[in-house]
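This report concerns only the one structure given below.
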Amino acid sequence: MSSKLYSRSGVFVWSPRGIQKKGLIVADFAQFFDPTATSIEPKIDFLPASEIYEKSNLAPNVSHATNYRFNELAWTSLCSDAHPNGIIAGGTEDGTVVFFDADKFIKNQSLEVLLSRRDHHGHVLTIDVSRDGRWMASGGGSGQILLWDCANLKTPFSPGSPNFPDQVKLLRWNLKNESVFASISSRRVSFWDLRRNGSPVLEFAEIPGCDWSSLSWNPSDASQLIVSSQSQHASVIQKWDSRFTSTPVKEYRHHNMGITSVDWNKADDRLVISSGCDGQVVIWNHETSEVLGGVGSLQGDWIRNVKWNEEEPSQFAIQYFQHPVQISSLTSLGSPQPGADVLAARISDQFVPAWHRAPLIGSSIALGGRLATFWKSYDAMTQQWHHNVEIETIVPENDVGVNDIAQYLHIKDDKRNLGWYLHERAYAPSSDTSEEADLTRKVWLILLALQEGAGRTKMLNYLGLVESQDEEFSEKNAASAVSNPNIQPTAIPDRSARSTSVVSGADTDIDIPEVTVIERCSSVNWSTLDNSGWDLLLHTIRQDHLEVIRVLISSNQHVAAMMYAAQHETDHLAMILDDYNKKFNNSSPLSSIILALSSSSSANKTEITPSKQSSEQEVSQQIGSILQTFPDQKWSELLGFIIAHESNATDIRLAAKCIGKRWLEQGKPLRACIAFLIAGDIDHLLLANTSFTLVDRLKQALILHQVSKGAKYSDGLEKLIMNFANELLIQGAGSVAWNLVKWSQNGSAEMQELQWTCYNVAGGRDCTGDQPPFNPFDVALPRAQQPPIVQPTRTYQQPAPIPPPNLVNGFNPYNPSHSQCPPPPMDYSNNRRNSNLTPMPPSSTFYQTPSWDHKPPPTMPANMPPSKPVAPVTPGWNDPPPMALKPTTVAQPKQNVMEINWKPIETAQAPGGMMTGQQLNGFAGGYQNVMTNGIQGMSIHNQQSSAASSAFPSPNSYQQRPASAASVVAPAPIQLSPEDEKIIEPINTLAQCIIENARIQARMEKAQDLRTRIQAELSPRLAANRLSPESKQHLTHMAYFVSMRQIREAQAVVAQMARNSGDFVEISSFLPALKSLLSLASH
């Protein structure tokens, strides 16, 4: 509960989580200039976190001169060997975004600029980094937003064009979804999704009277955010839900003047801090709207920004325009700073933050052997009493694996760390060389392959059938799997073509057989195969076509070799025919002719015929036939044969399930575990993996459930989780038990009761930080009759929004509120509230009295006389001049000034069928009727018109407008070269083809709009030669593929142009429209 002042003012950024060097970066603010300063050279400083506690007077540890002044700074947590402490970026006042290395600046005190690009117009007002640290987004005064890949800063990307050319004041990434971010302007809030390029996916909060200034996302709910208004007429903070944006969910009024900044605490999502033009910094609870406390601030200045420290959640920093940066904390900051006691932050004693635990009162023994004791001791040196608390854990004799399951729950959502964990389990050092130990290792390897989303080749390698080029676990592959959100960790999806991956099949098989491989092989007598036959099968699994053909021709099976070569389109038909001629002395001239005319393409591609879908009973019968003759010691070849050659994903799962059941009946559970993992059958896996420990069985089932992306736990898995959670509760691990059961969605009644019990045993909301689950013991309020979430009771909102369903892991479940608040006013134009605070004198530099106990003024009774107008507010140096209010006058009925009656001259019809002289109002589309003769028959009467004519004037009373020069002189057409015409013409032809063949009016209008946008943006750039030769070459290739109606190839060229083009700013104007047109054509 203390505060300290930094040595100077400026814009700041806290170090993110995961950075070794923790502290605060401070740089010169772009929108401030001090004429009385002794030095005007901009600097950038670093203040270590340790010195905030150790030193009373805060001064920079590292300071370096720079050429930039920044509007906002961002610090990414994405570290690499080249940048071990991440990258710092900033938006400047001249449209430049600057990136420099944090490690070299902190350690070597050298400011190494990694990249400096000027792609914005005007100020770069905001820049923010995504939660995973990979992406940065910058926005400026022209409304343009650019994306920066922190791994490759060479070229920025554009998420699309905004719908309105408004100034982007602030943008913030979603804290749960790395592909979603929000931006605000003075009038609205815009949602952007990187998975849907082109324009914002959602825009809302267009409320008259509000001037939005700041926003912040809920750290535990991906659909909630709060926005604040800096308007003096509507100093409000609103909480919005992206699932229904017709009106805000809740409204808060904690300031009497405009709000300048708002931030949500990342460690405790109940805490929100906000600052306003009234000089108040308020800490409040968004759930109860209760003001919990605040912090003293400096008078004579306005607060620009306030932000929590993510690494130390009790700390926050305040940026002023003129005064030094203020660092405050809800706890102690170590050595006090003289004179700064009045600025100390205070919070209500009744509120316990989530990062603290409630103090124990008394001593007790908790369930599972937790012993808590406390005592009071006297220190003779300091002559003070100290309260000592000691908590001990009496470990029971039978440990069920609390630490093991806790470690898994900690890394379950981190794909890279989970892969390392499975890899260590599979390759754990062991001296056991038995078959059981080898099968146990293969179980973990197959689970690792499923978790990685690996291909068929990897799966066959883990089964010991295919040699891998890289036997060691690749950290690079694991990192790429984590960084690529498009990789689906599913098991074996459907496909129509064959490839070398586990998911896709063999790359040389083009034709899909009408009959499945399992059905064909069920009639093969596998017991009669000799060594050459098993070698042949192994070569087919490895897709070694040359070895397969050699085995066949060595056995004089030339016909079978030809069929195999033709089916797989290999270049070995000539070799087979030549071997046949040599062995059988075939001297026929026909064979010689065919041998001479044989080309490299041995077989033509045939039409792909989808394989028929087999039932589980048919597959079971066919697998039974195969198992009757298949040798038991060749069990891995059986699984590899099905994985490599079967093309239907459903048949692969059914076959693996049937094989696992047979092996389980034969008393071979470890083999059955491998088969059930491939089949994705959790319940049968739990029946087969009984030889593993209870923790390992549970982890295997949970990982398989996570890989299969199931929405609900199976019955067997739910029963196992409930039994293990009860064991954890007996051991005293209530928090681990809650982390285990809280992911269950739509579980049984017993699971819901266990969830509620574990939640309360773990400490509830104060200790877990999670939303409370459904209470099954609340019989007074059944689940089906729970009140909906707070919705405004307006008559025009019909029907009411439907609450969204439960979300996947990573998002809090939907929990309706149990109390409704009155709907907030939607129009703040005339909602000026009376303030009981006088404006701050701009000349004062003394400390202000503490404002932590500030409360909003009480509401005035209805029978009170009207209050006096508020005192005028002195505008700041950067504020626009105030606008005079429009005088309110009583509306008078409209009266005509004159009445005009005229009769147009009959003129001849213009060439080309265009009618002239027939337009009543003087307009004819893009052409205007220019009359050379005088208007005859016109009379002007300055008299009062009748009521009917004043309300609805007749067509005869309109006056013909004279022709303007702008409408007569048409703009000069754009002259394109023949090379440029070859680019534009195929695009217009494609758009016209879509318009002519469109059966839906919306698609026709969209194609017309896209063609117009491309013509308006691309043609002038081609005519002015503003595109680079590389971009023109890409456009030429794209136009060629469009003219050949090869839309997919054209889309690939456009995507390559977006990645590799050097003039991204020029092509970003027409690139979204071009992508949309090609996408429309592909459909």
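Sequential numbering of the sequence shown, starting at 2, is according to the working numbering.
For each residue, glycine too, the CB sits at the ideal point set by N, CA and C.
Item, Value
"Pairwise C-alpha distance: residue 354 and residue 693", "41 Å"
"Neighbourhood of residue 709 by C-beta, 6 Å cutoff - its chain only, sequence neighbours within 5 removed", "681"
"Status (buried if at least 16 other CB within 10 Å, exposed otherwise) for residue 152", "exposed"
"Assumed close pair residue 270, residue 307 - CB separation to whole angstroms, cut-off 8 Å", "Not really, about 17 Å apart at Cβ, beyond 8 Å."
"Segment contact flag, the segment 219-228 with the segment 174-193, C-beta cutoff 8 Å, min 3 pairs", "yes"
"Sub-8 Å separation of residue 640 and residue 676 beta-carbons", "yes"
"Nonlocal neighbours in the same chain, by C-beta distance under 6 Å from residue 66, ignoring five residues either side", "42, 44"
"At least 3 beta-carbon pairs within less than 8 Å: the segment 237-255 vs the segment 296-303", "no"
"Residue range of the unbroken alpha helix (DSSP H) whose run includes residue 244", "Where residue 244 is concerned, there is no enclosing alpha helix (DSSP H), given that its DSSP letter is neither H nor E."
"For residue 1043, three-class secondary structure by DSSP", "helix"
"Neighbour-count burial assignment, residue 334, 16 or more Cβ in a 10 Å radius", "buried"
"Proximity below 8 Å, CB of residue 687 to CB of residue 721", "yes"
"Limits of the unbroken beta strand (DSSP E) element including residue 309", "304-309"
"Length of the line joining the Cα atoms of residue 168 and residue 126", "9 Å"
"Where the alpha helix (DSSP H) containing residue 458 begins and where it ends", "457-463"
"Own chain, CB closer than 7 Å to residue 777, minus 5 neighbours either side, in chain order", "750, 753, 754, 757"
"Runs of beta strand (DSSP E) lying entirely within the segment 9-64, each at least 3 residues, in chain order", "12-15, 24-28, 44-49"
"Unbroken stretches of the beta strand (DSSP E), 3 residues or longer, contained in the segment 258-328", "260-265, 272-277, 282-286, 291-296, 304-309, 316-321"
"Cβ contact (3+ pairs, closer than 8 Å) linking the segment 101-115 and the segment 79-88", "yes"
"Per DSSP, the bridge partner or partners of residue 238", "229, 253"
"Separation of residue 1052 from residue 1041, as counted between CA atoms", "12 Å"
"Between the CA atoms of residue 314 and residue 840 - distance to the nearest angstrom", "Only weak support is given to the placement of residue 840: the predicted model assigns it a pLDDT of 42, under 50, and the question is left unresolved by the model."
"Cβ pair residue 683, residue 660 closer than 8 Å", "no"
"Length of the line joining the Cα atoms of residue 18 and residue 654", "42 Å"
"Exposure label - residue 379; buried when at least 16 CB within 10 Å", "exposed"
"Proximity to residue 319 [Cα-Cα], best of 13, 1011, 547", "13"
"Short Cβ contact (8 Å threshold) for residue 49 with residue 24", "yes"
"Status (buried if at least 16 other CB within 10 Å, exposed otherwise) for residue 1027", "exposed"
"Segment contact flag, the segment 1002-1017 with the segment 1032-1041, C-beta cutoff 8 Å, min 3 pairs", "no"
"Inter-residue spacing [alpha-carbon to alpha-carbon] between residue 9 and residue 704", "52 Å"
"Spatial neighbours of residue 1037 in its chain, beta-carbon cut-off 8 Å, leaving aside the 5 residues before and after", "980, 983, 984"
"Rounded C-alpha distance that separates residue 447 from residue 433", "20 Å"
"Segments of 3+ residues assigned as beta strand (DSSP E) that fall wholly inside the segment 152-191", "153-158, 171-174, 181-185"
"Simplified DSSP state of residue 664, which is helix, strand or coil", "helix"
"With 16 other Cβ atoms within 10 Å as the buried cut-off, status of residue 5", "buried"
"Coil, strand or helix - residue 98 by DSSP", "strand"
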